[in-house]
Each structure stands twice: as structure tokens, then as C-alpha cells.
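Working notes, beginning with the structure itself.
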Amino acid sequence: MLHNKDIPLKSHLIQEVEPQKVMVFFAHPDDEIAVGGTLLDLRKQGHDLVMVYITKGEAGPTGGLVSQEELGEARTLEMKKVAGILGASELEMFDFPDSGLKNLPLDTFKIVAREMIEKYRPDYVISYDSQVGLYGHPDHRMVSKAMEEVFLENKNTQGFSVIKLFQVTLSPKQIETALKIAPGFQRNYPKEGPGLPVPDFSVKTTPYFSTLVSMMEAHATQQEVFRDLLPYREQVPIFIYSRIFDREYFWEVK
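Residue 67 in the UniProt record's numbering sits at position 67 of the sequence shown, with consecutive numbering throughout.
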């Protein structure tokens, strides 16, 4: 229904048997949900996860659970819970202004990207795409562009640890459907320009869907966001929903 048959389907993001270190580099706590199944699969394979977030998400909805002033702290605690579910070895959360990253120089975030790579020495990095930012969030584009430029500028440099940079994307059918039923996409997805990168492949994630739901529930303040971007999740039985959203799509930066 939501998948293009011409896009190759993989069983795992990383095929190596030996444990690898994977860093996710995102703007907001909860951005990892878009690749949650893949991250759970990586941990099951024995790979190490490092989670890096540029903001604390303090500009988002509160869900009526805390005040706006308390949201950054609340979302930090939520993210720690999710990192625990994932079994991540490290969690780094910076305090740059949520929804205000476009007002800062790109080099600000390139410096952070370099520092995190130097500190953790990841073999692989996962980010959003730099063209759209999945559904059109400028913070997503800024953070992803920073990592993309650092990777492209250094990938052939001796001592640079990152082998591959994968960016999260969607299939053409997913985009078409999201623009029909998901208010978040309808409001923010660009009407002009190249759109999301065409996926190189997808990763099968069906076995992890129930745990992915637990991760979403741990982001208690952000349920409004999930309803906005993943409509009908609470109405459709989980065994059906897990078959609709049974894979995650990636584009490799080269």
C-alpha cells in the first residue's frame, strides 16, 4: 500500500557481523521515532548506539503535562527513557534554541558534528535529509545539512571514522499518502523543489513495532505531534498498523 516495489528491501541497515558504532544526529528528542525500528534492529545485532540531539525540544507542545518553561527538562527525561528502551550507550543533548536553528550559522552545527564524531568515533551516522527535513521542519534541514557537509568534506580524510552517512527518507507512495492524510505533512512539506531524496533501500522493521509504540508513548508530551504525523495509530489495531508501517527508508550520502 505505502511501498514502491522497485526500492530494494534489506533485512538490516548494517550487514557487518562485528559490532559497529552508530550515531544518530537529530534536532529534537523524538526525531529517532522515524528510524526506531532500525535502531532496535541494530541493537539486536549487537551494534552500539550513540544518540545526539541539538535541542531539548522546548518549543514543542506540552501535552498539558508541564508548563512551556518546564518542557525542555521534561523532554530530556523522556529522551533518557527512550534511550534506555533502545539500549543506547550514550545520550548527548545540546541546548540550542528549538525552532530557531535557522537563525544561527551552519558552521555552529558543523562544529558540533565534528566534535561528536571526534569524541565517539562512529562507524555510521544516521540523520534526516538536508533537502526537506522529512516533512519540512527547518531545524531538521539545518542539522542534517551540517552533518552532510562534515561527512562530504572529510570522508576521504585519514582518521575520519565515519564510513557511511544514511539519511532518513520516505517512499514516493508514503509521501503521496502523507500529503492526503497527515496534517503535519500538509502544512509543512514544500510545494516546490526536489522533495525528499528517493530511497536507495528500505529496512524491514515489523518485529519491532510494539517496542516502537512504547518509545512513542515514552515521549508523553509529544502525543499531539505523533497524531499529527501518524494519523489513526490509536484507532487502527496495532497488528494492522504494523503491517502498513513495516519498513523504514534510507538514502546514502555519497
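Virtual Cβ for every residue (Gly too), placed ideally from N, Cα, C. Computed from a prediction, not measured in an experiment: that's the story for all the values here.
The C-alpha of Met79 is placed about 11 Å away from the C-alpha of Glu217.
Spanning the alpha carbons of Pro190 and Ala113 requires a straight line of approximately 26 Å.
In terms of CA proximity to Val35, Gln167 leads the group Val225, Tyr241 and Gln167.
Using a Cβ-Cβ distance cut-off of 8 Å, the segment 199 to 213 and the segment 157 to 171 are in contact, since at least three pairs of beta carbons, one from each stretch, lie closer than that value. Note on geometry: alpha-carbon atoms of Lys81 and Lys21 lie some 20 Å from one another. Going by DSSP, Phe25 is part of the beta strand (DSSP E) stretching over Lys21 to Phe26.
Here the segment 223 to 235 makes contact with the segment 180 to 188; the two share three or more CB pairs at distances below 8 Å. With contacts defined as CB atoms closer than 7 Å, Glu58 and Gly72 qualify as a contacting pair. The continuous alpha helix (DSSP H) containing Ile117 extends over residues Leu106 to Tyr120. Across the set Tyr241, Thr221 and Val125, the C-alpha of Thr221 shows the shortest separation from the C-alpha of Pro29. In the displayed model, Tyr128 falls within a strand according to three-state DSSP. Beta-carbon to beta-carbon, Phe26 and Ser127 are separated by about 7 Å, close enough to satisfy the 8 Å threshold. In the same chain as Gln131, and ignoring 5 residues on each side of it, the C-beta atoms closer than 8 Å to its own belong to Arg141, Gly193, Pro194, Gly195, Leu196 and Pro197, in chain order.
In the structure shown, Arg247 adopts extended strand secondary structure according to DSSP, grouped into three states. Contact between Phe96 and Leu106 fails: their C-beta atoms lie close to 12 Å from each other, not under 8 Å.
By the 16-neighbour rule on beta-carbons within 10 angstroms, Ser214 is exposed.
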